[in-house]
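Here the structure comes first, spelled out in structure tokens, and everything after it is commentary.
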């Protein structure tokens, strides 16, 4: 008899192994939402270990900080996801079409 393991959730729904690449873990509140985890993981893929020129902080730290401000101010998950992705195309490696495909028009057009 063969044991079947449970199928893992889609890779964009799991937190990235941030310790392997030196990235910070997402905040607990963010991990409670599948939408925000997809946005966070897409942002992590787009920015990788990229650092901001102004303060040398990880770009991912900046977008998480923006998303945290939006979350704490009471904005909805879609706008918080926009905060996570706001630099993914302009300063990261994500293509606009990839963001639109993964996140939908409601988030990619804001």
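In the working numbering, the protein residues as written are 95 to 204. Even for Gly, the Cβ is constructed at its ideal location relative to N, Cα and C.
Under the three-state reduction of DSSP output, residue 136 falls in the helix class.
For residue 179, the secondary structure class from DSSP, reduced to helix, strand or coil, is helix.
Contact annotation, residue 120 with residue 134: C-beta distance approximately 5 Å; criterion of less than 8 Å satisfied.
Setting aside the 5 residues that flank it on each side, residue 155 is surrounded in the same chain by 118, each with a C-beta closer than 8 Å to its C-beta; the list follows chain order.
Contact between the region 174-187 and the region 136-151 is present, with at least three C-beta pairs closer than 8 Å.
Taken in chain order, the unbroken stretches of alpha helix (DSSP H) that lie wholly in the region 134-170 and span 4 residues or more are 153-166. Burial of residue 202 is indicated by the presence of at least 16 other C-beta atoms within 10 angstroms of its C-beta. The C-alpha of residue 198 is placed about 20 Å away from the C-alpha of residue 165.
In this structure residue 178 touches residue 158 by the C-beta definition: roughly 7 Å separates them, less than 8 Å.
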